[in-house]
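Chain order of the listed sequences is A and B.
Going by our numbering, the first residue of the first sequence is number -5, and it counts up by one from there.
Going by our numbering, the first residue of the second sequence is number 54, and it counts up by one from there.
C-beta atoms are modelled at their ideal positions from N, C-alpha and C, and glycine is treated no differently.
Keep in mind the model is a prediction, meaning the values are calculated, not measured.
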Amino acid sequence: MNAQSVLAKYSRHIRNRLLFIALVMIGIVVVGMVAIVSGAAGIGYRDVIAVFSGSADAATNQIVMQIRMPRVLAALLAGFALSVSGAVMQSILRNPLASPFTLGISGAAAFGAAFAIVVLGAGSMVDAGSLYQDAAASTRNGLLMRLGDRYLIMGSAFVFSLASTFFILAIARYRGVTPEVMVLSGIAIGSLFSAGVSAMQFLATEAELAAIVFWMFGDLGRASWQEVSVLALVMVPVWLFFTVMSWNYKALQSGDEYAQSLGVNPFRIRLFGMLVASLATAVVVSFYGIIAFVGLVVPHIVRRFIGGDETFLIPAAALFGALFLLLSDTVARTLFSPVILPVGILTSFIGAPLFLFLLLRGLGKSYWN
Amino acid sequence: MHISLQNVTFRYDRDPVLKEIRVDMDRGDMVALVGPNGSGKSTLIKCINGILPVREGDVLIDGASVRTIPAVQRARRIAYVPQTEQKSVPMQVFDAVLLGRKPYIQWRPSRGDYERTAGILERFDLVDVAMREVHKLSGGQQQRVFIARALNQQPEILLLDEPTANLDLRYQLETLELLRDLAGGGITVVIAMHDINMASLFASRVVMLKGGAVFASGGPEIVTAEHVERLFGVKVRVVQDNGNRFIVPDRT
Ligand SMILES: Nc1ncnc2c1ncn2[C@@H]1O[C@H](COP(=O)(O)OP(=O)(O)O)[C@@H](O)[C@H]1O
Ligand SMILES: [Mg+2]
């Protein structure tokens, strides 16, 4: 064998990874179409085509364009954001347990939401305005909330999740930026905030309590075009940033000192990586509540297929996460139809055993040490 | 390239771990840093490539303070083979060696980067294992991967921290011969090592470190029984064979 045949072999290897990404994209299109036609309203593929060619009636148009489409896009974007954040956090912290969820960012957001509901009084339910574009979902939950309150809750969740990130980064800065310190301080902060949520629940009135519990179930039923556009607007630069940085993350895998010898500044790379990943997570969580395990599990699944090379893992995990959450949400909507399960409950139910399974299967393979 | 250590003192905490080190290393030198565990060999290597910031004294690379060279420029000139490789996600040999191109990669490798990597794999006899995972190779092959990765940086200075520590005799010789060839090709090679006999056989210059200070420095002829006894605190004697001098422990 010579250099040429090595190159040929390596290109085949890369092609296989690209094939995986292509398959995931096809999967997104297929599941996306299924998701648009499934649901209580009895929309068929014909109706969807009619909507896009502009010949559908107003009601069908309304359901497809105002309810189903934003929800599908929300699932894709949220899955994308959570998974890409999880993949990046696992890489730069060199820890298989790192994720937006385990690092306490979701917990901080939950506290922020509870804080807004109980202390800032955002939880009072009134009859004016709707929490949902999807009227069916809002009446099902019996919750109607003022629009202003919704934004207050979102804003507070966002502020607290970013605050927890800054806190983790500050601790890391204070005593050397070892990945272990970041992971452990994330876990500590996570439990602090969950204690905070419990305290809020204890102090809450019945109506506020309901609002907190309801918010904590990650639910894409809250999706509207407004949030979807904000999410898309945030995800484009996030995606570009991680793509440009992926070689730095790859260098960090062989240790900080080796990375430094390649001209990489581990502290700076980690700081900005964590910041951007947390920002992406914070947006998703403040919009849709806690969707657990996606950011933790998806990178592990993808690693099984294409290995741990960040330059492929990051885009592949992002897309697979989009597919994963869309599929989960579609199942959650149809499993007990007409009852719609919040997708956060479903991802917790499948995520935890899936993670255990991957862990046990991985023992012999030892991905990290 | 010329490396000049000018009164380098380094502290992790309060006490100095390196004390006023003054050494010069030339282009084409193969420098062996020898000394007992904890004498500061690893620390010195990390000071040369700027992983550790030198604040007292200075490290000059061709006359320029290493602090003033931008990180990427530094990485294009100085390559480093660490003592222990961090175990993490498994990496294939090709990817590992390609990583050496990092200082030249903006956000993705060029065609030239791939071709150069394939060429280096061929030169290092790693073609057959190119798609295997690094941690599944033998110790000798792994060391070749790390040296190949370092050379993929096209360095003018190559720093290696105990590259022969986990190798059997044959691989030790193979590795040191390879490094000597690289030095002969004009690279300044600096190797931290324990084995004083290997150092005197292969190095063109030997720097003995004791307690963070230079204890002796010069050609291989400074590896004498007297020096070694004082350096390691053991009794040794010299055995002559075939024109080579070997230091062996004296157990009488
Ligand atoms: N990161 C560190 N923090 C504090 N002290 C250190 C650190 N690394 C090494 N040392 C100390 O510096 C001294 C020299 O260590 P080192 O350079 O690793 O020696 P060698 O490589 O010759 O065995 C030792 O006393 C060691 O304990
Ligand atoms: Mg050492």
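Check	Outcome
Cross-chain neighbours of Tyr243 (chain A) in chain B, by beta carbon under 8 Å	What Tyr243 (chain A) touches in chain B: nothing, since even the nearest Cβ is about 11 Å away.
Positions along the region -3 to 27 of chain A whose CB lies within less than 8 Å of some CB in chain B	Ala(-3), Gln(-2), Ser(-1), Val0, Leu1, Lys3, Tyr4 and His7
Chain-ordered residues, beta carbon under 5 Å from a heavy atom of ligand 1	B:Tyr65, B:Val70, B:Asn90, B:Gly91, B:Ser92, B:Gly93, B:Lys94, B:Ser95 and B:Thr96
Exposure of Gln247 (chain A), with buried meaning 16 or more beta-carbon neighbours within 10 Å	buried
In DSSP terms, what Pro208 (chain B) is bridged to	Its beta-bridge partners do not exist; DSSP assigns none.
Residues near Val25 (chain A) in its chain [Cβ-Cβ closer than 6 Å; skip 5 each side]	Leu320 and Leu321
Contact test: Ala245 (chain A) Cβ vs ligand 4 heavy atom, cutoff 7 Å	As presented, the structure is devoid of ligand 4, carrying ligand 1 and ligand 2 as its sole ligands.
Near ligand 2: Glu215 (chain B) beta-carbon under 7 Å from a heavy atom	yes
Beta-bridge partners of Thr241 (chain B), as assigned by DSSP	B:Ile210
Buried versus exposed, by CB contacts within 10 Å (16 or more), Gly123 (chain A)	Its pLDDT being 37, under 50, Gly123 (chain A) is placed unreliably by the model, and the measurement read from it follows with that caveat. Flag for Gly123 (chain A) reads exposed.
Residue-chain proximity (Ser255 (chain A), chain B), Cβ-Cβ < 8 Å	yes
Check: Gln136 (chain B) C-beta below 7 Å from any heavy atom of ligand 2	yes
Inter-residue spacing [alpha-carbon to alpha-carbon] between Gly289 (chain A) and Pro89 (chain B)	47 Å
Residues near Val277 (chain A) by beta carbon distance below 8 Å, same chain, minus five either side	Ala75, Phe152, Val224, Leu225 and Val228
Status (buried if at least 16 other CB within 10 Å, exposed otherwise) for Gly271 (chain B)	exposed
Same chain only: Cβ atoms within 6 Å of Val292 (chain B), ignoring 5 sequence neighbours per side	Phe299 and Val301
Per-residue DSSP class, three states only, for Gly380 (chain A)	Summary: the structure shown does not reach residue 380 (chain A), with chain A confined to residues -5 through 363, and so no result is reported for it.
Rounded straight-line distance, which links the Cα of Phe287 (chain A) to that of Asn135 (chain A)	Note that Asn135 (chain A) scores 44 on pLDDT, short of 50, meaning its location in the model is unreliable and no value can be drawn from it.
Chain A within 8 Å of Val125 (chain B), Cβ atoms only	yes
Neighbouring residues, chain A, relative to Val180 (chain B) (Cβ below 8 Å)	Met(-5), Asn(-4), Ala(-3), Ser(-1) and Val0
Short CB-CB distance (under 8 Å) between Glu221 (chain A) and chain B	no
When B:Arg197, B:Lys94 and B:Ile74 are compared against Val180 (chain B), the one with the closest alpha-carbon	B:Arg197
Pick from A:Ser47, A:Ala69, A:Asp41 and A:Ala72 that is closest to Ile57 (chain A), judged by C-alpha positions	A:Asp41
Cβ shell of Asp303 (chain A) (< 6 Å), same chain only, five flanking positions each side left out	none
Near ligand 2: Ala245 (chain B) beta-carbon under 7 Å from a heavy atom	yes
Same chain only: Cβ atoms within 8 Å of Leu190 (chain B), ignoring 5 sequence neighbours per side	Val146, Val182 and Val198
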